[in-house]
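Numbering (this note's numbering), first residue to last: 3 to 257.
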């Protein structure tokens, strides 16, 4: 069959905190199809332990077949075997209907709760929590028409640090687990991927994308002094448990 297009997504494993928690999306190579749509089953390659799922839409456009592979996100928990690259077991935690993406999970410091973002069919992204072990006790934490994303638990478990465009530009916000939202950063430049210092809880590390700079810079904000300091180029910072180091992702110019 000729005359069709296919969108193919790469697979990513995210969120390792205690028990590995990840989400993945992937694409499918085109092949003979009929009209309609289908969803593949879950696949767990032994070497990587990734959860793969495809949703395939097939339709006609100007008498040509068109195949679109939409990424579908689900959350899954994985128990790791000590000193082994192989996986002991994997269980699906989310199976939402009428929603496209359950993404960016983070586990609380006591290992009991999981916070994640969920994009609905309306395009809005809201935050939810659930039991990290069973996937039950699901609670919706935000319910609005904004984009609320990249959530992480504060070390005391009493707050959720997240990004939102509720003030037009994407900034960092703090949500009390019992309710109440407070703004942390106030910038016209987009702020993303925030993580709070597990020790003093006064410092928040995050990535800021300034106008004309697509690479992103690591910033730290001190809530006591109200000062924000740029550190270096990078993304997705995580402060170490002792509060002394920051792990982050950055492009290697030699690769």
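Glycine included, C-beta positions come from ideal geometry on N, C-alpha and C. Note that the structure is a prediction, hence the values are computed from the model and not measured.
Checklist entry - If you drop the 5 nearest sequence neighbours on each side, which residues of the same chain put their C-beta closer than 8 Å to that of residue 188? => result Residues 169 and 173 of the same chain have their beta carbon placed closer than 8 Å to that of residue 188, with the five preceding and five following residues left out of the count.
Item to check | Whole-Å CB distance - residue 184 paired with residue 176, under 8 Å assumed | outcome: The distance from the Cβ of residue 184 to that of residue 176 is about 5 Å, consistent with a contact at the 8 Å cut-off.
Checklist entry - Just checking my contact of residue 148 with residue 165 at CB under 8 Å: how many whole Å lie between their CB atoms? => result Actually they do not touch by this definition, with Cβ atoms about 10 Å apart.
Checklist entry - With a Cβ-Cβ cutoff of 7 Å, do residue 218 and residue 237 count as a contact? => result Their beta carbons are under 7 Å apart, which means residue 218 touches residue 237 by this criterion.
Checklist entry - Just curious, the beta strand (DSSP E) that residue 223 is in, first and last residue? => result It spans 219-224 - the beta strand (DSSP E) in which residue 223 sits, taken as one unbroken run.
Item to check | Counted within 10 angstroms of its Cβ, other Cβ atoms place residue 123 as buried (16 or more) or exposed | outcome: Classification for residue 123: exposed.
Checklist entry - What distance in whole Å lies between the Cβ atoms of residue 163 and residue 129, which are believed to be in contact at a cut-off of 8 Å? => result The Cβ separation is near 11 Å, so there is no contact.
Item to check | residue 198 - partner residues in DSSP beta bridges | outcome: In the DSSP assignment, residue 198 forms a beta bridge with 206.
Next on the checklist: Comparing C-alpha positions only, which one of 156, 190 and 239 sits nearest to residue 222?
Outcome noted: Of the listed residues, the one whose Cα sits closest to residue 222 is 239.
Next on the checklist: So, for residue 241: in the same chain, excluding its five sequence neighbours on each side, which residues have a beta-carbon less than 6 Å away from its beta-carbon?
Outcome noted: Excluding positions up to five away in sequence, the list reads 197, 199, 207 and 248.
Next on the checklist: Quick check on residue 193: does DSSP put it in helix, strand or coil?
Outcome noted: Correct three-state label for residue 193: strand.
Checklist entry - Closest by CA to residue 258, which one among 226, 201 and 220? => result Residue 258 cannot be examined here, being either before or after the span of the chain that is shown, 3 to 257.
Checklist entry - Would residue 160 be called buried (16 or more neighbouring beta carbons within 10 Å of its own) or exposed? => result Exposed, by the Cβ-count rule.
Item to check | Delimiting residues of the beta strand (DSSP E) encompassing residue 249 | outcome: Following the DSSP letters along the chain, one finds residue 249 inside the beta strand (DSSP E) bounded by residues 248-251.
Checklist entry - In the DSSP assignment, what residue or residues form a beta bridge with residue 181? => result Within the DSSP bridge table, the entry for residue 181 names no partner.
Checklist entry - Can you tell me whether residue 95 is buried or exposed, with buried defined as 16 or more other CB within 10 angstroms of its CB? => result Answer is buried; the Cβ neighbour count reaches 16.
Checklist entry - Distance, Cα to Cα, residue 157 vs residue 232? => result Rounded to the nearest angstrom, the two C-alpha atoms are 23 Å apart.
Checklist entry - Which residue or residues does DSSP assign as beta-bridge partners of residue 156? => result None, per the DSSP bridge assignment.
Checklist entry - Just how far apart, CA to CA, sit residue 194 and residue 132? => result One C-alpha to the other measures close to 23 Å.
Checklist entry - Bridge partners of residue 103, per DSSP? => result Residue 103 is bridged to 121.
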